[in-house]
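Student:
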Amino acid sequence: MSHSFKHTPHNAITDSGIARVIPCRELDLTDPFKWLVLAVHDMRRAPLHTLLYGALFALVPWFIVYLVKLTGWHLIIMPAIVCFMLIGPFLAAGLYDVSWELEKGHRPSFLHSIKATTRNAVNGWGFAVVLMILMIFWLRVASLIHALYPPYLDETLRDLWPFLILGTGVGVLFSVLLLFISAFTQPILMERKVDLATALLTSVNAVWLNKLPMALWAGIIFTIVVLGFITQFVGFILLMPLLGYATWHAYIDTIETKRARNYV
């Protein structure tokens with residue numbers, strides 16, 4: 001299927017002079033659901049890879065909750081969720097590789113998917129550092145919010161709600177920032193020999209020009225994460241591969257390519 005791409009307009013992103021911005025397609029509001037359908041097809045074609053990476057994604061939040069119980073710091077739950085969302089895009093590189101191999105008509109292999117993070121390694125690890133800085137900064141903000149909680153108050157909803165609202169509001173801001181910088185950055189770095197600034201600005205520009213579809217996509221991501229936590233992380237075994245494969249399809253459907261892709 002052929003796509004028409006936007007002529008990238010002049011704005012603060014494209015005129016920044018930091019790096020070039022790869023043009024993007026104007027998305028429809030229904031496109032995120034198409035990405036999920038394509039992801040289900042990938043899950044059926046690579047069930048073993050799906051279960052292995054799903055188990056890994058289930059272990060990460062389990063370990064986070066274990067640390068919460070170990071420290072007894074109940075207000076770390078919200079920052080822990082955000083941290084999980086920060087780490088997720090980088091860990092999903094193996095899933096992106098599986099979808100990419102299927103798109104090319106190849107048989108995916110674990111070794112090939114593990115090596116996915118070595119493609120464009122310098123910029124890929126640079127992106128990991130950016131995510132780590134965001135994570136550390138958010139944890140420091142969360143620590144400050146926790147420090148403001150008076151020790152003499154009871155741990156009741158009535159006493160906690162001002163801090164829960166504040167923490168949630170800050171978490172939403174960080175999540176929006178995360179969406180802008182990570183929506184397409186990792187897939188771009190995996191497939192293209194571009195610098196980190198180009199990948200980041202391309203992702204920011206694509207999200208900015210497709211606010212409503214990407215807002216819906218963000219809502220789907222949030223719902224998947226919530227469902228995973230409600231099921232005590234067991235749901236992540238299937239939900240996170242679904243999200244990883246769908247993210248790859250979101251990338252190849254959104255960012256301009258030199259030749260037509262096979263899946264969309």
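Numbering (the working numbering), first residue to last: 1 to 264.
Cβ coordinates follow ideal geometry from the N, Cα and C atoms, glycine included.
1) Assuming LEU27 and PRO187 form a contact by the criterion Cβ under 8 angstroms, report the distance between their Cβ atoms to the nearest whole angstrom.
2) In angstroms with no decimal places, state the Cα-to-Cα distance between LEU29 and HIS249.
3) Is the Cβ-Cβ distance between PRO61 and PHE233 less than 8 angstroms?
4) Check each candidate in ARG259, PHE137, LEU238 and name the one with the smallest Cα separation from HIS41.
5) Report yes if the CB atom of ARG261 is closer than 8 angstroms to the CB atom of GLU103, and no otherwise.
6) Are the CB atoms of PHE222 and VAL204 within a distance shorter than 8 angstroms?
7) Select from LEU148, ARG107, GLY124, PHE229 the residue whose C-alpha is nearest the C-alpha of PHE63.
8) Straight-line CA distance for TRP100 to TRP35?
9) Let me know the alpha helix (DSSP H) ranges lying completely inside the region 103-191, each 4 residues or longer, listed in chain order.
10) I'd like to know whether the C-beta atoms of ARG25 and THR254 end up nearer to each other than 8 angstroms.
Tutor: Here's the rundown:
1) Taking a contact as a CB-CB distance under 8 angstroms, the pair LEU27 and PRO187 does not count as one, their CB atoms being some 15 angstroms apart.
2) Taken atom to atom, the span from the alpha-carbon of LEU29 to that of HIS249 is near 15 angstroms.
3) Remark: C-beta atoms of PRO61 and PHE233 approach each other more closely than 8 angstroms.
4) If we check each option's Cα against that of HIS41, LEU238 comes out closest.
5) Cβ distance < 8 angstroms, so ARG261 and GLU103 count as in contact.
6) Against a cut-off of 8 angstroms, the Cβ pair of PHE222 and VAL204 comes out as no contact.
7) Selection LEU148, ARG107, GLY124, PHE229 evaluated against PHE63 yields PHE229 as nearest (Cα-Cα).
8) Rounded to whole angstroms, TRP100 to TRP35 spans 14 angstroms at the Cα level.
9) If we require 4 residues or more, the alpha helix (DSSP H) runs fully inside the region 103-191 come out as 110-114, 121-147, 157-182, 185-191.
10) Going by C-beta atoms, ARG25 is nearer than 8 angstroms to THR254.
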